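Going by my numbering, the first residue of the sequence shown is number 20, and it counts up by one from there.
Idealized CB from N, CA, C, for every residue including glycine.
Being a predicted model, the structure only gives us computed values, none of them experimental.
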Amino acid sequence: MKLSSKNLKVLIIFGVILTATNLRAPLTDVPPILDFIIAQFNLNPTQAGLIITIPLILFSVLSPLAPKISFLFGIEKTILVSLVILTLGILLRSINQLYFFYFGISLIGIGIAISNVLVPALIKKYIPNMIPLITAFYTLSMGVFAAISSSLSIPVLNWINTYNSVYSTGTLISIIILPLISIVFWIICLRFCYSNTNKHVSLKHKTNSLRILKSTLAWNLTFYIGVNSFLTYSIMMWLPLILNDIGYSKVNAGFIHGIFILMTSIPSLVMLPFLSKVNHHKLFAPSSGVLIFIGFLGLQFMPSFAIFWSIVLGFGTGVGFLLALTFMGLRGKNTEVTSILSAKSQTFGYALAAIGPILIGYLHDHFNNWMEPNILCMFLAISLILTGWFASQNKVIE
Numbered sequence: 020m021k022l023s024s025k026n027l028k029v030l031i032i033f034g035v036i037l038t039a040t041n042l043r044a045p046l047t048d049v050p051p052i053l054d055f056i057i058a059q060f061n062l063n064p065t066q067a068g069l070i071i072t073i074p075l076i077l078f079s080v081l082s083p084l085a086p087k088i089s090f091l092f093g094i095e096k097t098i099l100v101s102l103v104i105l106t107l108g109i110l111l112r113s114i115n116q117l118y119f120f121y122f123g124i125s126l127i128g129i130g131i132a133i134s135n136v137l138v139p140a141l142i143k144k145y146i147p148n149m150i151p152l153i154t155a156f157y158t159l160s161m162g163v164f165a166a167i168s169s170s171l172s173i174p175v176l177n178w179i180n181t182y183n184s185v186y187s188t189g190t191l192i193s194i195i196i197l198p199l200i201s202i203v204f205w206i207i208c209l210r211f212c213y214s215n216t217n218k219h220v221s222l223k224h225k226t227n228s229l230r231i232l233k234s235t236l237a238w239n240l241t242f243y244i245g246v247n248s249f250l251t252y253s254i255m256m257w258l259p260l261i262l263n264d265i266g267y268s269k270v271n272a273g274f275i276h277g278i279f280i281l282m283t284s285i286p287s288l289v290m291l292p293f294l295s296k297v298n299h300h301k302l303f304a305p306s307s308g309v310l311i312f313i314g315f316l317g318l319q320f321m322p323s324f325a326i327f328w329s330i331v332l333g334f335g336t337g338v339g340f341l342l343a344l345t346f347m348g349l350r351g352k353n354t355e356v357t358s359i360l361s362a363k364s365q366t367f368g369y370a371l372a373a374i375g376p377i378l379i380g381y382l383h384d385h386f387n388n389w390m391e392p393n394i395l396c397m398f399l400a401i402s403l404i405l406t407g408w409f410a411s412q413n414k415v416i417e
């Protein structure tokens with residue numbers, strides 16, 4: 020069955036937005052109840068850091084495979100399979116056994132890793148003339164549902180415990196509704212999509228991959244994604260505990276954590292009029308590092324204004340994430356190059372990001388305070404200013 024080009028674009032936009040709801044929410048619902056999970060499984064801070072580090076490692080390892088799989092089976096079918104894997108991961112993560120918990124987290128990482136890479140290519144394939152706009156809606160949807168997921172973790176746990184005392188990870192299954200809805204949508208959507216599969220792309224794929232690996236612009240984009248992700252996922256993981264140590268209750272810390280997550284999506288609205296104007300990219304890309312530096316500086320030396328600093332950190336990391344996705348869409352000459360660029364930049368970028376949560380947890384465990392982790396993050400924010408400047412060059416990778 021065929022749809023008109025206009026209707027198909029609308030359908031794909033809904034698919035992109037629905038897919039986006041699943042790409043952070045299954046990660047952000049954990050940190051607000053991290054204390055309970057640590058107590059449930061008797062974890063130390065380094066082991067707790069693995070909760071976010073494992074998905075990031077999988078983002079890095081699996082990113083190169085996503086384009087190859089999509090070349091064989093089509094982008095749309097591959098995204099559908101990734102959502103099925105994600106759903107199974109959410110289900111297993113809720114079981115009161117440590118190995119099921121970590122295995123579920125691993126499956127969640129696999130599902131998110133594949134979709135992370137393929138959504139920019141999907142936008143390039145169907146809506147190449149609206150990349151900044153659709154990317155903005157994509158990141159907005161991701162951030163809003165991640166914020167809702169984070170903010171509701173403690174209330175859901177408290178509500179369930181009112182009727183029945185349960186282990187903390189059991190409450191995490193509530194997020195499963197998002198991938199289930201998305202799976203139903205993509206099953207229907209597959210009837211109308213056209214899949215460009217090619218089982219003889221290996222030589223061309225290797226040629227484009229080598230060209231991208233030699234591109235200075237591609238490496239600048241990679242480090243920009245890596246440093247921004249290092250900071251984003253470190254904050255995402257440890258902010259509730261930082262707030263607890265400052266003196267905030269678990270409910271309020273979860274709420275502020277939700278504000279941080281929500282603020283990562285606000286740049287999608289504020290910057291939308293400027294994203295299509297490439298002259299502004301050199302201004303916005305370094306600004307993410309400036310905001311993150313200010314946020315950590317304030318959190319360290321003026322912790323009583325933690326809500327404000329969380330807003331600054333959220334907006335700063337959100338700017339970096341939005342621009343990274345936009346750059347991936349704009350820098351690739353076509354769908355294949357965009358897919359490979361997305362995979363390569365996320366492979367090396369998330370390898371760097373995977374160090375973040377576990378390193379921050381180790382530093383806090385070793386020094387027994389948050390000063391050293393905050394100082395490290397401030398230095399990384401300075402490096403983000405430099406990589407952002409170079410990653411914003413208005414060039415196309417062929």
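Item checked: Span separating the alpha-carbon of residue 326 from that of residue 151 -> Position 307 of the sequence shown, counted from the start, is the residue given in the question as residue 326. Position 132 of the sequence shown, counted from the start, is the residue given in the question as residue 151. If you take the alpha carbons of residue 326 and residue 151, they lie about 30 Å apart.
Item checked: Per-residue DSSP class, three states only, for residue 209 -> Within the sequence shown, numbered from 1, the residue matching residue 209 stands at position 190. Residue state, collapsed to three classes: coil.
Notebook entry, point to check: Which term fits residue 389, buried or exposed, when burial requires 16 or more other beta carbons within 10 angstroms of its beta carbon?
Noted result: Position 370 of the sequence shown, counting from 1, holds the residue named residue 389. So residue 389 counts as buried.
Margin query: Here's the rule I'm using: 16 or more other beta-carbon atoms within 10 Å means buried, otherwise exposed. How should residue 360 be labelled?
Written below: Position 341 of the sequence shown, counted from the first residue, corresponds to residue 360. Answer is buried; the Cβ neighbour count reaches 16.
Check: What's the gap between the Cα of residue 407 and the Cα of residue 97?
Finding: Locating residue 407 in the sequence shown gives position 388, counting from the first residue. Locating residue 97 in the sequence shown gives position 78, counting from the first residue. About 31 Å.
Next item on the list: Compute the Euclidean distance between the alpha carbons of residue 104 and residue 81, then round it to the nearest angstrom.
Entry: For the purposes of this step, residue 104 is taken as the residue at position 85 of the sequence shown. For the purposes of this step, residue 81 is taken as the residue at position 62 of the sequence shown. Roughly 13 Å separates the two Cα atoms.
Notebook entry, point to check: Tell me which same chain residues have a C-beta within less than 7 Å of the C-beta of residue 286, skipping the five on either side of it?
Noted result: The residue labelled residue 286 in the question sits at position 267 within the sequence shown. Correct list, in chain order: 334, 337, 338, 341.
Check: Is residue 267 buried or exposed, if buried means 16 or more other CB atoms sit within 10 Å of its CB?
Finding: Walking along the sequence shown from the start, residue 267 turns up at place 248. It is buried - the Cβ of residue 267 has at least 16 other Cβ atoms within 10 Å.
Checklist line | Close Cβ partners of residue 146 (< 6 Å) along its chain, the five nearest in sequence each way excluded | finding: The residue given as residue 146 occupies position 127 in the sequence shown. 28, 153.
Next item on the list: Specify the secondary structure class of residue 390 as computed by DSSP and reduced to three states.
Entry: Counted from its first residue, the sequence shown places residue 390 at position 371. Three-state result, residue 390: helix.
Notebook entry, point to check: What residue does the alpha helix (DSSP H) around residue 290 start on, and which one ends it?
Noted result: Here residue 290 refers to the residue found at position 271 of the sequence shown. Looking at the DSSP string, residue 290 is not in any alpha helix (DSSP H), and its letter there is neither H nor E.
Checklist line | Distance CB(residue 346)-CB(residue 240) smaller than 8 Å | finding: Translated into the one-based positions of the sequence shown, residue 346 becomes position 327. Translated into the one-based positions of the sequence shown, residue 240 becomes position 221. Contact flag set, yes.
Notebook entry, point to check: Cβ of residue 72 within 8 Å of Cβ of residue 376?
Noted result: Reading the sequence shown from its first residue, position 53 is the one you call residue 72. Reading the sequence shown from its first residue, position 357 is the one you call residue 376. Going by C-beta atoms, residue 72 is nearer than 8 Å to residue 376.
Next item on the list: Could you tell me which of 95, 414, 91 sits nearest to residue 33, measuring between CA atoms?
Entry: Position 14 of the sequence shown, counted from the first residue, corresponds to residue 33. Nearest option by C-alpha distance: 95.
Checklist line | Alpha-carbon spacing of residue 70 relative to residue 44, whole angstroms | finding: As a working note, residue 70 is residue 51 in the sequence shown. As a working note, residue 44 is residue 25 in the sequence shown. For residue 70 and residue 44, the distance between alpha carbons rounds to 14 Å.
Next item on the list: Could you give the DSSP three-state label for residue 35: helix, strand or coil?
Entry: Here residue 35 corresponds to residue number 16 of the sequence shown, with the count starting at 1. It is helical.
Note to self: Quick check on DSSP: helix, strand or coil for residue 102?
What the structure shows: Translated into the one-based positions of the sequence shown, residue 102 becomes position 83. Helix, per DSSP.
Check: What is the residue span of the alpha helix (DSSP H) that residue 263 lies within?
Finding: As a working note, residue 263 is residue 244 in the sequence shown. It spans 235 to 265 - the alpha helix (DSSP H) in which residue 263 sits, taken as one unbroken run.
Margin query: Just to confirm the assignment, what range does the alpha helix (DSSP H) spanning residue 64 have?
Written below: Sequence index remark: in the sequence shown, residue 64 carries index 45 (1-based). From DSSP, the alpha helix (DSSP H) with residue 64 extends over 64 to 81.
Notebook entry, point to check: If you follow the alpha helix (DSSP H) that residue 360 is part of, which residue opens it and which one closes it?
Noted result: Translated into positions along the sequence shown, residue 360 becomes position 341. Element bounds for residue 360: 354 to 372.
Notebook entry, point to check: Nearest-angstrom Cα distance between residue 163 and residue 40?
Noted result: Translated into the one-based positions of the sequence shown, residue 163 becomes position 144. Translated into the one-based positions of the sequence shown, residue 40 becomes position 21. Answer to the nearest angstrom: the Cα atoms are 8 Å apart.
Checklist line | Proximity to residue 36 [Cα-Cα], best of 354, 205, 402 | finding: For the purposes of this step, residue 36 is identified with residue 17 of the sequence shown, where counting begins at 1. The residue with the shortest Cα to Cα distance from residue 36 is 205.
Margin query: Can you tell me where the alpha helix (DSSP H) holding residue 123 begins and where it ends?
Written below: On the sequence shown, position 104 is the one that residue 123 refers to. Where residue 123 is concerned, the enclosing alpha helix (DSSP H) stretches over 117 to 145.
Next item on the list: Would you identify the three-state DSSP class for residue 112, choosing helix, strand or coil?
Entry: Within the sequence shown, the letter at position 93 stands for residue 112. Residue 112 falls in the helix class under three-state DSSP.
Notebook entry, point to check: Is residue 40 helix, strand or coil when you go by DSSP?
Noted result: Counting from one through the sequence shown, the residue named residue 40 turns up at place 21. Of the three classes helix, strand and coil, the one that applies to residue 40 here is coil, per DSSP.
Next item on the list: Classify residue 321 as helix, strand or coil using the three-state DSSP reduction.
Entry: In the sequence shown, the residue the question calls residue 321 occupies position 302. Correct three-state label for residue 321: coil.
Check: Can you tell me whether residue 16 is buried or exposed, with buried defined as 16 or more other CB within 10 angstroms of its CB?
Finding: Absent from the structure is residue 16, since the part of the chain shown begins at 20 and ends at 417.
Checklist line | residue 245 versus 276, 365, 86, 395, residue with shortest Cα-Cα distance | finding: Along the sequence shown, one-based indexing puts residue 245 at 226. Out of 276, 365, 86, 395, 365 has the C-alpha closest to the C-alpha of residue 245.
Item checked: Where the alpha helix (DSSP H) through residue 17 begins and ends -> Any question about residue 17 goes unanswered here, given that the chain covers just 20 to 417.
Item checked: Span of the alpha helix (DSSP H), counted from its first residue to its last, around residue 51 -> Along the sequence shown, read from residue 1 onward, the residue named residue 51 stands at position 32. Neither: residue 51 is in no alpha helix (DSSP H) and is coded neither H nor E.
Next item on the list: Can you say whether residue 289 is buried or exposed, counting buried as having 16 or more other CB atoms within 10 angstroms of its CB?
Entry: Residue numbering aside, residue 289 sits at position 270 when the sequence shown is read from its first letter. Residue 289 comes out exposed.
Check: Do the region 393 to 407 and the region 122 to 135 meet, that is, are 3 or more Cβ pairs less than 8 Å apart?
Finding: no
Next item on the list: Give me the Cα-Cα distance between residue 313 and residue 203, rounded to the nearest whole angstrom.
Entry: Along the sequence shown, one-based indexing puts residue 313 at 294. Along the sequence shown, one-based indexing puts residue 203 at 184. Roughly 43 Å between the two C-alpha positions.
Next item on the list: Use the C-beta contact count for residue 259: other C-beta atoms within 10 angstroms, 16 or more gives buried, fewer gives exposed.
Entry: On the sequence shown, residue 259 is found 240 positions in, with the first residue counted as 1. By the 10 Å Cβ count, residue 259 comes out buried.
Margin query: Which same chain residues end up closer than 7 Å to residue 308 when comparing Cβ atoms and leaving out the 5 residues on each side of it in sequence?
Written below: Your numbering for residue 308 matches position 289 in the sequence shown. So the qualifying residues of the chain are 400, 401, 403, 404, 407.
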